[in-house]
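Residue numbers (this note's numbering): 566 to 1158.
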């Protein structure tokens, strides 16, 4: 079995080498304990193989695509590494659940929690998607029970649902009294030859979480600064016996890496950098997430004052990061660190015209029987509904964004909102908006018939948002479109472009100052008038100010509607009666500069 390993060691390695060259044959090198950490992030309930391949190179330098993912294979990979290391912890950096495929989401992600119980996860940081269904539902996932907090029914299969057998860590998610919503940190101890080493874990989500979920779901909670939170918890962990400090954080970066195992940190960027630069030097490892990237980084190469290791394992359980720490049991200090990315290869990809075989140059994991049985139980429960044909498409509709921030599938979803809310009895919407981040999967029809299934549509819209129609003035429409470039984490550098419906057009010019970037708004060819009112359809997530669009909360004359998924199903069906629905490929937004 081919494995790749990168090793970074401190000055203690040189000291050990010199000690071995001395003339005293009785001199003994200090005892070392090796501790392994297995990290993953952004699993998003992908119990079934997600149909993704990891691009990498074998030892001969040949570029390969390696099929990856699937909970049963991930469990097997974890079990294999657990057998190889007597001292090990399995941890996640958030978004274990939320925005999940139907086999998990339809059951409120209970099957994912149960799967992670079987995998023996030790600690799981909360990510922004853990809050998708609100804080009370997150507490139910932790503690178990069948109390209903959402539109979906809990405990449909597991009666009762017992909850996570590992702690969710939410150090910077604070109640009004300043206490953490969930456990802030945790400790795991390892013993060897009479020595006992403690590893402390601090878990948290990104500070911007309340801008990424329904405000009502996190009402009464605050999300504190990530670095300040972690630094403040370290003394208490030390007092409890932590010799090693690990931060599990649902925030991440991007690296211009030359390969999956590259640790150079080349081109590292992203919102995690200012957090890392303020973290205590007592931190040994940072396991990150959120950006769905796979990277390894000896962060001392970026900031010489911060000698910790930074990792991320991509998304959907396709990659597992293995970190090895060497700890001097005398000084109780970390003397060496290594890391590798393990591709979770279990079965080939075969979908339509896409066929990617197994790659024998990389480990191939057998399916874990217990996890496979659990997933099959939920697959069987959902299969009849998931496989139901729900329309036809002329070609694949993807989430790939154009230069103006639009996507073909984003246009389709926005049009489905308008289709469901246009009639006077449904709210009388004249236009509609959709947030790009709410479109969660591509729509790939079958190659021979062009059919898309209910399960596929469910994967596109898994959140269970309701539709609403509200009234806004033209001036308010201008202000909310300006918020795409200047509101919270929405900036010119990192804009959030709303998907818009057929008939609505506008231009934007990023060379203009804030408040003057949007121009020439038109509805069905007519200019939008500042004082005139317009009926706007949108999902409840945006209506409550999600994604930093606070202007949406100013809407009046609210009319409620159906679930967003039901609207998409109806729209695809109605647009493809007897023939494949053509794709909306024409731009609706124009970028001037």
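For glycine and all other residues, C-beta sits at the position ideal for the given N, C-alpha and C. Every value quoted in this text rests on a predicted model; they were computed, and no experiment measured them.
key: Burial state of residue 1075 (16 or more Cβ within 10 Å)   = exposed
key: Spatial distance of residue 772 from residue 791 (CA atoms)   = 7 Å
task = Taking the CB atoms as reference points, tell me whether residue 1007 and residue 1070 lie closer together than 8 Å.
result = no
ask   = Would you report the Cα separation of residue 1140 and residue 983, rounded to the nearest angstrom?
value = 13 Å
query = Leaving out the 5 sequence neighbours to the left and right, which residues in its chain are closer than 7 Å to residue 634 when beta-carbon positions are compared?
reply = 611, 614, 615, 617, 881, 882, 883, 909
ask   = Quick one: what's got a C-beta closer than 6 Å to residue 725's C-beta in the same chain, skipping five residues either side?
value = 711
key: Assigned exposure category for residue 1033 - 16 Cβ within 10 Å defines buried   = buried
ask   = Which residue from 970, 1133, 949, 1054 puts its Cα closest to that of residue 1031?
value = 1133
request  = Note down, in chain order, each residue of its chain lying with its Cβ closer than 6 Å to the Cβ of residue 575, except the 5 sequence neighbours on either side.
outcome  = With a pLDDT of only 40 at residue 575, under 50, the local geometry of the prediction cannot be trusted, and the value read off the model is given with reservation. Cβ neighbours of residue 575 beyond the five flanking positions: 900.
key: DSSP three-state assignment for residue 1082, whether helix, strand or coil   = coil
query = Can you tell me whether DSSP reads residue 609 as helix, strand or coil?
reply = coil
query = Per DSSP, residue 812 is paired with what?
reply = 767, 851
key: Cβ separation of residue 683 and residue 935, assumed to be a contact under 8 Å, to the nearest whole Å   = 5 Å
Of the listed residues 871, 967, 861, nearest to residue 885 (C-alpha basis) = 861
message = Which of the three DSSP states is assigned to residue 951 in this structure?
response = helix
task = Under the assumption that residue 731 contacts residue 686 (Cβ atoms under 8 Å), give the Cβ distance between them as a whole number of angstroms.
result = 5 Å
ask   = Would residue 919 be called buried (16 or more neighbouring beta carbons within 10 Å of its own) or exposed?
value = exposed
inquiry  = Is it buried or exposed, residue 1092, if we count other Cβ atoms within 10 angstroms and call 16 or more buried?
reply    = exposed
inquiry  = Measuring alpha carbon to alpha carbon, tell me which residue in 1038, 1024, 1029 is nearest residue 609.
reply    = 1024
query = Nearest-angstrom Cα distance between residue 1138 and residue 698?
reply = 28 Å
Cβ shell of residue 897 (< 7 Å), same chain only, five flanking positions each side left out = 762, 808
task = Rounded to whole angstroms, what's the CA-CA distance from residue 647 to residue 912? Just pull it up for me.
result = 22 Å
ask   = The alpha helix (DSSP H) spanning residue 1071 covers which residue range?
value = Where residue 1071 is concerned, there is no enclosing alpha helix (DSSP H), although the beta strand (DSSP E) it sits in stretches over 1069–1073.
Segments assigned beta strand (DSSP E), at least 3 residues, entirely inside the region 948–988 = 954–957
message = Quick check on the burial criterion: 16 or more other C-beta atoms within 10 angstroms. Buried or exposed for residue 990?
response = exposed
Cα-Cα separation between residue 923 and residue 645, rounded to whole angstroms = 19 Å
ask   = Under the DSSP definition of a beta bridge, which residues are partnered with residue 1155?
value = 1072
inquiry  = Excluding the 5 residues flanking residue 660 on each side, which residues of the same chain have their C-beta closer than 8 Å to its C-beta?
reply    = 606, 607, 608, 609, 692, 693, 694, 695, 815, 854, 855
At least three beta-carbon pairs within less than 8 Å, the region 968–984 to the region 935–947 = no
ask   = Should residue 716 go down as buried or exposed, given a rule of 16 or more other Cβ atoms within 10 Å for buried?
value = exposed
ask   = In this structure, does DSSP put residue 940 in helix, strand or coil?
value = helix
Same chain, Cβ closer than 6 Å to residue 865, neighbours up to 5 away in sequence not counted = 872
request  = State the DSSP-derived secondary structure class of residue 1140, mapped to helix, strand or coil.
outcome  = helix
inquiry  = Determine whether the beta carbon atoms of residue 735 and residue 709 lie at a separation below 8 Å.
reply    = no
ask   = Can you tell me whether DSSP reads residue 696 as helix, strand or coil?
value = helix
query = Where residue 689 and residue 743 are concerned, what is the direct C-alpha to C-alpha distance, given to the nearest angstrom?
reply = 21 Å
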